[in-house]
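Residue numbers (the numbering used here), protein chains in the order written: chain A, 537 to 784; chain B, 1212 to 1361.
Backbone N, C-alpha and C define an ideal beta-carbon position, used for all residues, glycine too.
To keep things clear, I will list the structure first and then write my remarks on it.
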Amino acid sequence: MSNLFKYTLRIADSSLVLGQRMSEWCSKGPTLEEDIALSNIALDLFGQANGFYEYAAELDGSRSKDDLAFKRNEREFFNHQLSEQENGNFGTTTVRNFLHDAFNFLFYTELASSKDEILAALAAKSLKEVKYHLRHSSNWLIRLGDGTNESNLKVQEALDFLWQYTGELFEMDEVDNDMLDNGLGVDNIQLKIKWDELINNTLKKAKLKRPIDGYMATGSRKGIHTEYLGFLLAEMQFLPRAYPDAKW
Amino acid sequence: MQNGDTKHIWKLLDLVPDPEIPVISVVELGVIRDITFADRFFTILITPTYSGCPAVKTFTDDIKKCLKENGIRNFKIKLIYSPAWTTEWMTEKTKKKLKKYGIAPPGETVVCPQCNSKKTQLISQFGATACKAMYKCSDCLEPFEFFKCI
């Protein structure tokens, strides 16, 4: 398997898993408008995943995009651990998505100038949507952080808990390095500097304290996940695995 | 259709309505990027408005149906992502159609499609379809949809 395939698959996996999480909000949003917003974000993420899986399947040559999404096990998924974290309360979802959207926004901005034409096109397309997601999650973060004592407490708690999953967003393994060396991928170390600035600015507006870097979870690049991914996949993959000939 | 008249195809596709906003055609929406003719086959390049837009499947089927009904079978449809779709491709004529239909067209100022007031407020960044946001007019108080600029 080529590094280009692995790299593309990782992006697709993070979009799919976060999309699946967001779809869990459908019919459970705090208000009707918010329910629609969260489901719309899920749809965008599925669409982005679809594009990247299509490309990954083409590079793979033997599996279809549906095979990649529905017929791999937990240890064969390479999404960021942050994307698989449970929705929790609305504040938890807001914080998780804010951290992820900020990363995605900067990541796709860089990837849009990849020498790989297809990755660049998919990134440019995704970027337009992610900008909108970031605006949505940032606005909510500020409203909740700078809201009541209770809302501030809830998002601060979520931030303190989820912080441990932000470290691996910026790791560089042999795949990342190879992609970067060939002008195809993104320099995550450089990305971290911009991400810090973006995060700090918004946290300040939201009257939230940036957690101190402590233990950082790692392993998704090797297929290691928190306990939540297995349950998510079980639900998502049940139908195509139980009824392999089912048509949408 | 063996002579490769792409203009004829453009005309036919201009009759295919957008599945979500039937007052405008898929051509006016800007999702038909190009139509070429080579080796006795038409290639129709289409692009999604939003990557997850469920209407893509519907309008692809509608395009196939429209062409087949008009006796055209020598075509293929290809989905492309670059350049990414933008509301800037929308003509003034199309924007007028949207406004008449009750959707505020994309633009820097969100103008109420009912009373033309510029005093409008955002209700939600997201609407019933991926391409729209929800607004309310502060003058006539009517809620309305705004076609998001991307």
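Chain-order list of residues whose beta-carbon lies under 8 Å from that of residue i (same chain, five-residue window excluded)
i: A:Thr-630; result: Ser-673, Trp-676, Leu-677, Leu-680, Val-691 and Ala-694
i: B:Ile-1283; result: Met-1212, Ile-1220, Leu-1223 and Phe-1253
i: A:Trp-561; result: Asp-571, Leu-574, Ser-575, Ala-578, Asn-623 and Thr-629
i: A:Gly-703; result: Asp-749, Met-752, Ala-753 and Thr-754
i: B:Gly-1318; result: Lys-1306 and Cys-1360
i: A:Asn-688; result: Leu-680, Gly-681, Asp-682, Lys-743 and Leu-744
i: B:Ile-1281; result: Correcting the residue type first, residue 1281 of chain B is Asn in the shown sequence and not Ile. Within the same chain, B:Asn-1281 has close Cβ partners Leu-1223.
i: A:Pro-566; result: Phe-626
i: B:Thr-1217; result: Ile-1246, Thr-1247, Phe-1248 and Phe-1253
i: A:Lys-607; result: Arg-599, Gln-773, Pro-776 and Arg-777
i: A:Lys-601; result: Asn-586, Tyr-589, Glu-590, Ala-592 and Ala-593
i: A:Leu-523; result: The structure shown does not extend to residue 523 of chain A, since chain A is modelled only from 537 to 784, so the question has no answer here.
i: B:Pro-1230; result: Ala-1266, Thr-1269, Phe-1270 and Asp-1273
Cutoff 8 Å: residue i Cβ touching any chain A Cβ
i: B:Ala-1249; result: no
i: B:Ser-1349; result: no
i: B:Phe-1270; result: no
i: B:Gly-1318; result: no
i: B:Ala-1341; result: yes
i: B:Ser-1335; result: yes
i: B:Ile-1184; result: Since the displayed chain B opens at 1212 and closes at 1361, residue 1184 of chain B lies outside it and no answer follows.
i: B:Gly-1160; result: Limits of chain B in this structure are 1212 at one end and 1361 at the other, which puts residue 1160 of chain B out of reach.
i: B:Gly-1313; result: no
i: B:Gly-1215; result: no
Proximity test, Cβ basis, 8 Å: residue i and chain B
i: A:Lys-556; result: Just to set this straight, residue 556 of chain A is Gln in the shown sequence, not Lys. No, A:Gln-556 lies away from the interface with chain B (no Cβ there is under 8 Å from its Cβ).
i: A:Gly-583; result: yes
i: A:Gly-587; result: yes
i: A:His-672; result: yes
i: A:Glu-646; result: no
i: A:Glu-763; result: no
i: A:Glu-620; result: no
i: A:Asp-580; result: yes
i: A:Tyr-668; result: yes
i: A:Glu-665; result: yes
Beta-carbon proximity list for residue i, same chain, < 6 Å, skipping 5 on both sides
i: A:Tyr-591; result: Thr-544 and Ile-654
i: B:Lys-1304; result: none
i: A:Gln-621; result: Arg-632
i: B:Trp-1296; result: Thr-1258 and Thr-1260
i: B:Lys-1330; result: Ser-1349 and Asp-1350
i: A:Lys-542; result: Val-711
i: A:Ala-656; result: Ala-648 and Ser-650
i: A:Arg-546; result: Phe-614
i: B:Phe-1357; result: Ala-1315, Val-1321, Ala-1344 and Tyr-1346
Beta-carbon proximity list for residue i, same chain, < 7 Å, skipping 5 on both sides
i: A:Gln-556; result: Leu-768 and Met-772
i: A:Leu-775; result: Ala-782
i: B:Arg-1244; result: Leu-1256, Ile-1257, Thr-1258 and Ile-1291
i: A:Ala-638; result: Leu-670, Trp-731, Leu-734 and Ile-735
i: A:Ser-551; result: Leu-581, Gln-584, Ala-585 and Phe-588
i: A:Asp-596; result: Phe-541
i: A:Tyr-644; result: Ala-659, Ser-662, Leu-663 and Val-666
i: B:Ser-1332; result: The amino acid at residue 1332 of chain B is misidentified as Ser; the sequence shows Gln. Cβ within range, chain order: Tyr-1346, Lys-1347 and Ser-1349.
Contact test: residue i Cβ vs the ligand ZN heavy atom, cutoff 7 Å
i: B:Val-1321; result: What this structure holds is no ligand at all, so the ligand ZN is not there to describe.
* Asked: Counting Cβ pairs, one atom from each stretch, are 3 or more of them under 8 Å apart for the segment 575-589 of chain A and the segment 1261-1272 of chain B?
  -> These segments touch.
* Kindly provide the ranges of any alpha helix (DSSP H) runs that are 4 or more residues long and lie completely inside the segment 1244-1293 of chain B, ordered along the chain. => Correct list: 1266-1280.
* To do: Give, in chain order, every residue of the segment 1241-1268 of chain B whose Cβ lies closer than 8 Å to some Cβ of chain A.
  => Pro-1259, Tyr-1261, Ser-1262, Gly-1263, Cys-1264 and Pro-1265
* Take every Cβ of the segment 1226-1233 of chain B, pair it with every Cβ of the segment 765-780 of chain A, and state whether three or more of those distances are shorter than 8 Å. => no
* To do: Scan the segment 544-578 of chain A for residues whose Cβ lies nearer than 7 Å to a Cβ of chain B and list them as they occur along the chain.
  => Glu-569, Ile-572, Ala-573 and Asn-576
* Asked: Using Cβ-Cβ distances below 7 Å, what residues of the segment 651-663 of chain A are close to chain B?
  -> Cβ proximity to chain B below 7 Å picks out Ala-657, Leu-658, Ala-660, Lys-661 and Ser-662 from the segment 651-663 of chain A.
* Using Cβ-Cβ distances below 7 Å, what residues of the segment 1288-1301 of chain B are close to chain A? -> Tyr-1292, Ser-1293 and Ala-1295
* For the segment 708-754 of chain A, list the alpha helix (DSSP H) runs that are entirely contained and at least 4 residues long, ordered along the chain. => 710-717 and 724-741
* **Cβ pair count under 8 Å reaching 3, the segment 1265-1276 of chain B against the segment 1231-1245 of chain B** => The segment 1265-1276 of chain B is in contact with the segment 1231-1245 of chain B.
* Any chance you could list the alpha helix (DSSP H) runs of at least 4 consecutive residues sitting entirely within the segment 1289-1345 of chain B, in chain order? => 1303-1312
* Asked: Which parts of the segment 593-618 of chain A are runs of the alpha helix (DSSP H), unbroken and 4 residues or longer, counting only runs that do not cross its ends?
  -> Fully enclosed alpha helix (DSSP H) runs of 4 or longer: 601-606.
* To do: Report yes or no: do three or more beta-carbon pairs, one from the segment 1242-1253 of chain B and one from the segment 1314-1331 of chain B, lie closer than 8 Å?
  => no
* Write down every uninterrupted run of the alpha helix (DSSP H) in the segment 651-697 of chain A whose length is 4 residues or greater and which is fully enclosed by it, in chain order. => Taking only runs of at least 4 residues, the alpha helix (DSSP H) segments lying wholly in the segment 651-697 of chain A are 653-681.
* Does the count of Cβ pairs from the segment 703-713 of chain A and the segment 645-664 of chain A closer than 8 Å reach three? -> no
* Mind the definition here: the segment 601-618 of chain A touches the segment 658-671 of chain A only if three or more C-beta pairs lie below 8 Å; say whether that holds. => no
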